[in-house]
Amino acid sequence: MRQAALVAMTALLLASGAACRPDPALSGTVTVPAAGQAFDPPISRLRLPEGAWYCDMGTVEYARMEQGDGVCPVCGMALEHNVTAAH
Ligand SMILES: [Zn+2]
Numbered sequence: 000m001r002q003a004a005l006v007a008m009t010a011l012l013l014a015s016g017a018a019c020r021p022d023p024a025l026s027g028t029v030t031v032p033a034a035g036q037a038f039d040p041p042i043s044r045l046r047l048p049e050g051a052w053y054c055d056m057g058t059v060e061y062a063r064m065e066q067g068d069g070v071c072p073v074c075g076m077a078l079e080h081n082v083t084a085a086h
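Sequential numbering of the sequence shown, starting at 0, is according to numbering that gives the first Met the number 0.
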């Protein structure tokens, strides 16, 4: 009885874990070149490495590791700095 319940719980955990596991291609941290890169389709800000400069349109269409002129070359918006301390 007790063991059956444990097996059922383990099966449930495994099943939910598989369902919730994020696709690495969609959720992993991206590599952002110093010179910048446009993302099409845009990516989540959560995927940017620490210290990246990025265009925040809700999602990220452009990011780079150097501030440069601080302006998105795609849309002209001011770039945001991805720093944990600021949030
Ligand atoms: Zn932009």
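Each residue gets a CB set at the ideal place from its N, CA and C atoms; glycine is no exception.
Residue i in three-state terms, based on DSSP
i	result
Gln-2	helix
Ala-7	helix
Beta strand (DSSP E) segment containing residue i, residue limits
i	result
Arg-63	59-63
Cys-54	52-55
Pro-41	36-42
Whether residue i touches residue j by CB criterion (7 Å)
i	j	result
Gly-69	Ala-62	no
Thr-28	Arg-46	yes
Val-103	Glu-60	Nothing about residue 103 can be read from this structure; the chain reaches only from 0 to 86.
Asn-81	Ala-37	no
CA-to-CA distance, residue j to residue i, given in whole angstroms
i	j	result
Thr-30	Gly-75	22 Å
Arg-44	Ala-4	41 Å
Glu-79	Val-6	48 Å
Gly-35	Ile-42	14 Å
Gly-67	Tyr-53	11 Å
Arg-1	Pro-40	49 Å
Asp-55	Cys-71	9 Å
Ala-33	Ser-26	21 Å
Neighbour flag for residue i against chain B, beta carbons, 7 Å
i	result
Thr-58	The structure shown contains no chain B, having only a single protein chain.
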